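For the sequence shown, the working numbering puts the final residue at 100, and the numbers step up evenly by one. The beta-carbon is built from N, C-alpha and C at its ideal position, and this holds for glycine as well. Since the structure is predicted, the reported quantities are computational estimates derived from the model, not experimental observations. Below is one structure, written out as structure tokens; the observations come after it.
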Amino acid sequence: MKNMSVKKWVAIGCGAVVLILVIAFAAVMMLRVDAVEAQEIALSAAGGGEIVGREVSSEGLWNEYTYVIENNGSWYEVEISGFGNVTELEQASSQAAFH
2 MKNMSVKKWV AIGCGAVVLI LVIAFAAVMM LRVDAVEAQE IALSAAGGGE IVGREVSSEG
62 LWNEYTYVIE NNGSWYEVEI SGFGNVTELE QASSQAAFH
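Dropping the structure here:
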């Protein structure tokens with residue numbers, strides 16, 4: 002009888018771990034941004050303008066986005082994390098600075 006109690010606790014513990022992993026995965030999938038959202042965030046960070054270059058890199062379950070934006074003669078390189086945070090914003094007087 003005592004062994005059944007230990008087995009039950011182990012099963013409950015394993016079930017709880019699986020449930021936590023499923024919830025964490027669902028949260029990551031819901032909180033990540035897509036390319037359209039990342040583009041809007043980048044344009045906002047640069048104060049508007051025209052996107053003249055973009056790069057998407059895959060980092061596990063989400064993507065990271067890099068945009069080169071031209072706005073009134075200034076050039077911006079904006080990096081957006083998979084969760085929509087601006088991780089880097091550089092400004093230059095020409096696009097050549099980003100190559």
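Check each candidate in the options and name the one with the smallest Cα separation from residue i.
{"i": "Y68", "options": "E91, M5, D35 and G54", "result": "G54"}
{"i": "E91", "options": "A46, M31, A25 and M5", "result": "A46"}
{"i": "G85", "options": "I42, G61 and I21", "result": "I42"}
Please list, in chain order, all residues of the same chain as residue i whose beta carbon is under 8 angstroms from its beta carbon, the five residues on each side excluded.
{"i": "K8", "result": "none"}
{"i": "Q40", "result": "I52, R55, Y66 and Y68"}
{"i": "G74", "result": "S94"}
Excluding the 5 residues preceding and the 5 following residue i in the sequence, name in chain order all residues of the same chain whose CB lies nearer than 6 angstroms to its CB.
{"i": "W63", "result": "R33 and G83"}
{"i": "Y77", "result": "A47, I70 and Q92"}
Beta-carbon within less than 7 angstroms of residue i's beta-carbon, same chain only, minus the 5 sequence neighbours each way: which residues are those?
{"i": "G48", "result": "N72"}
To the nearest whole angstrom, what separates the beta carbons of residue i and residue j, a pair I think is in contact under 8 angstroms?
{"i": "V57", "j": "A36", "result": "7 angstroms"}
Opposite residue i in the DSSP bridges: which residues?
{"i": "E89", "result": "E80"}
Inside the stretch 41 to 86 only - alpha helix (DSSP H) runs reaching at least 4 residues: none
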